[in-house]
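Asker: Numbering follows numbering that gives the first Met the number 0, with no gaps: position 38 of the sequence shown is 37.
Where a beta carbon is used, it is the ideal one built from N, C-alpha and C, also for glycine.
Keep in mind the model is a prediction, meaning the values are calculated, not measured.
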Amino acid sequence: MSKCLLEVNKLTTSFRTDEGEITAVNQTSFKIDKGKIFALVGESGCGKSLTAFSILQLIRPPGKIKSGDIILHTQKQSTPVNLTKLTEKDDLLYQVRGGYVSMIFQEPMTALSPVHTVGDQIGEAIQLHLKLSGKEARARAVKGLSDVGIPGAERVVGMYPHELSGGMRQRVMIAMALSCNPELLIADEPTTALDVTIQAQVLNLIKKMRDETGVSVLLITHDLGVVAQTADVVAVMYLGRIVERGSVGVILKSPKHPYTKQLLASLPSRNVGKGTLPVIQGTVPSLLEVPSGCAFHPRCTHFKKGLCDVGDSPELEVVDGEHEVACRCWQSGGVK
Numbered sequence: 000m001s002k003c004l005l006e007v008n009k010l011t012t013s014f015r016t017d018e019g020e021i022t023a024v025n026q027t028s029f030k031i032d033k034g035k036i037f038a039l040v041g042e043s044g045c046g047k048s049l050t051a052f053s054i055l056q057l058i059r060p061p062g063k064i065k066s067g068d069i070i071l072h073t074q075k076q077s078t079p080v081n082l083t084k085l086t087e088k089d090d091l092l093y094q095v096r097g098g099y100v101s102m103i104f105q106e107p108m109t110a111l112s113p114v115h116t117v118g119d120q121i122g123e124a125i126q127l128h129l130k131l132s133g134k135e136a137r138a139r140a141v142k143g144l145s146d147v148g149i150p151g152a153e154r155v156v157g158m159y160p161h162e163l164s165g166g167m168r169q170r171v172m173i174a175m176a177l178s179c180n181p182e183l184l185i186a187d188e189p190t191t192a193l194d195v196t197i198q199a200q201v202l203n204l205i206k207k208m209r210d211e212t213g214v215s216v217l218l219i220t221h222d223l224g225v226v227a228q229t230a231d232v233v234a235v236m237y238l239g240r241i242v243e244r245g246s247v248g249v250i251l252k253s254p255k256h257p258y259t260k261q262l263l264a265s266l267p268s269r270n271v272g273k274g275t276l277p278v279i280q281g282t283v284p285s286l287l288e289v290p291s292g293c294a295f296h297p298r299c300t301h302f303k304k305g306l307c308d309v310g311d312s313p314e315l316e317v318v319d320g321e322h323e324v325a326c327r328c329w330q331s332g333g334v335k
């Protein structure tokens, strides 16, 4: 039996605009193994959330999945499912969304309906996917809230989202995502706008749920501190492409791509008492003006003219074992 749960092969997602077609996710490939936490990291605007939306086929016009395959090796089907082949008319797509693959959306303030109780929102998914009665769904919702550490779950199930704190709403989102026993949980910036104490609780909860249920996790974040606490495997994304991939230990201790190095160098925890906190110069460029060669070269401290700024984007190459990097400068020995 394959240990791989999800394979993303050369995924390209684009949008048609008045200025022309833009490619937001560009030839992206990765695998998520069963029971593992896979982190996708990078600055805002690098295509992380769009990758997640592509997996669930949530891209809407003027966007589209232009090419690539997303293969789900689910135990709930006799053969692997190619998600890119499913359309809105396929019943299987609705079994996948929320049943096989669920998602914790980025903003619990807006992801939860303000006019429905917590119990109704969790129960709706349970009734849809597990075909339980209203009473059974409510009981399962109460248990789900208890499992994620919400005290007084019997009372909370009848409350509205505005009556709960940010941390409690995030726990509700996790309970809802796990309510139908998914095989893959997509957590899109699950600690956004939470204070550090609640952030630690939420991350520990996700790890606890993984350990207890065996669910795989795609963790989307820009915070490498979160990655260090949580992930097994890390992929660093820049302008729609993965530029480095490897185990969390290798990436944090021995990064090769200059972008990864600069992300790590900007962590406050690594610069206590060392003066001014380093920053990555410049900003992520517009998708309408993607630089030639390596897209990161205008901001790179190891830039070599005539090497980094010509041709197509460099492809991922194996460094050692399963550690891969896409950097011509590193390949030529210019990154130490």
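Assess, as a yes-or-no matter, whether the stretch 118-137 is touched by the stretch 57-71 under the definition of 3 or more beta carbon pairs within less than 8 Å.
Answerer: no
Asker: Provide the residue(s) that pair with K30 in DSSP beta bridges, ordered along the chain.
Answerer: Taking the sequence shown and counting its residues from 1, one reaches residue 30 at position 31. Answer by DSSP bridge pairing, in chain order: E6.
Asker: Could you check whether L82 and A234 sit closer than 8 Å to each other, using their CB atoms as the reference points?
Answerer: Counted from its first residue, the sequence shown places residue 234 at position 235. Counted from its first residue, the sequence shown places residue 82 at position 83. Not in contact: A234 and L82 (Cβ atoms no closer than 8 Å).
Asker: Let me make sure I understand the geometry here. Which of K255, L85, Q169, T229 has the alpha-carbon closest to that of I103?
Answerer: The residue you call residue 103 lines up with position 104 of the sequence shown. Minimum Cα distance to I103 is reached at Q169.
Asker: Hey, is the stretch 243-253 in contact with the stretch 220-233, meaning 3+ C-beta pairs nearer than 8 Å?
Answerer: yes
Asker: Assuming V318 contacts F37 under a Cβ cut-off of 8 Å, what Cβ separation, rounded to an integer in Å, is found between them?
Answerer: Against the sequence shown, residue 318 aligns to sequence position 319. Against the sequence shown, residue 37 aligns to sequence position 38. 18 Å between Cβ atoms; not a contact.
Asker: Candidates P60, E323, L91, D311: which alpha carbon is nearest K75's?
Answerer: As a first step, residue 75 is located in the sequence shown; it is residue number 76 there, counting from the start. Nearest of P60, E323, L91, D311 to K75, Cα basis: L91.
Asker: Give me whichever residues DSSP pairs with K63 in a beta bridge.
Answerer: For this step, residue 63 is matched to residue 64 along the sequence shown. Per DSSP, S13.
Asker: Quick one: what does DSSP say T196 is sitting in, helix, strand or coil?
Answerer: Here residue 196 corresponds to residue number 197 of the sequence shown, with the count starting at 1. Of the three classes helix, strand and coil, the one that applies to T196 here is helix, per DSSP.
Asker: Pull up the CB-CB distance for I58 and T12, whole angstroms please, since I reckon it's below 8 Å.
Answerer: As a first step, residue 58 must be located in the sequence shown, where it is residue number 59. As a first step, residue 12 must be located in the sequence shown, where it is residue number 13. Yes, they are in contact, since the Cβ atoms of I58 and T12 sit about 6 Å apart, within 8 Å.
Asker: Exposed or buried, which one is T339 when buried takes at least 16 other CB atoms within 10 Å?
Answerer: Outside the displayed span of the chain (0 to 335) sits residue 339, for which this structure offers no information.
Asker: L183 bridges to which residues according to DSSP?
Answerer: Along the sequence shown, one-based indexing puts residue 183 at 184. Its beta-bridge partners are V100, S215.
Asker: What is the residue span of the alpha helix (DSSP H) that I173 lies within?
Answerer: Taking the first residue of the sequence shown as position 1, residue 173 is located at position 174. Element bounds for I173: 165-177.
Asker: Verify whether the separation of the beta carbon atoms of L4 and L183 is less than 8 Å.
Answerer: If you number the sequence shown from 1, residue 4 lands on position 5. If you number the sequence shown from 1, residue 183 lands on position 184. It is a contact, given that the beta carbons lie within the stated cut-off.
Asker: In terms of alpha-carbon separation, which member of G165, G305, T191, Y258 lies closest to T220?
Answerer: Your numbering for residue 220 matches position 221 in the sequence shown. In terms of CA proximity to T220, T191 leads the group G165, G305, T191, Y258.
Asker: Unbroken alpha helix (DSSP H) runs of length 4 or more, entirely within the stretch 233-321: which are they?
Answerer: 247-252, 257-264
Asker: Given a cut-off of 8 Å on the beta-carbon distance, is the pair S312 and A294 in contact?
Answerer: Within the sequence shown, residue 312 is the residue found at index 313, counting from 1. Within the sequence shown, residue 294 is the residue found at index 295, counting from 1. Yes, Cβ-Cβ distance for S312 and A294 is below 8 Å.
Asker: For Q280, count neighbouring Cβ atoms within 10 angstroms of its own Cβ and tell me buried if that reaches 16, exposed if not.
Answerer: Along the sequence shown, one-based indexing puts residue 280 at 281. It is exposed - the Cβ of Q280 has fewer than 16 other Cβ atoms within 10 Å.
Asker: Express the C-alpha separation of D187 and S48 in angstroms, rounding to a whole number.
Answerer: Residue mapping note: residue 48 aligns to position 49 of the sequence shown, counting from 1. Residue mapping note: residue 187 aligns to position 188 of the sequence shown, counting from 1. In a straight line, the C-alpha of S48 is about 7 Å away from that of D187.
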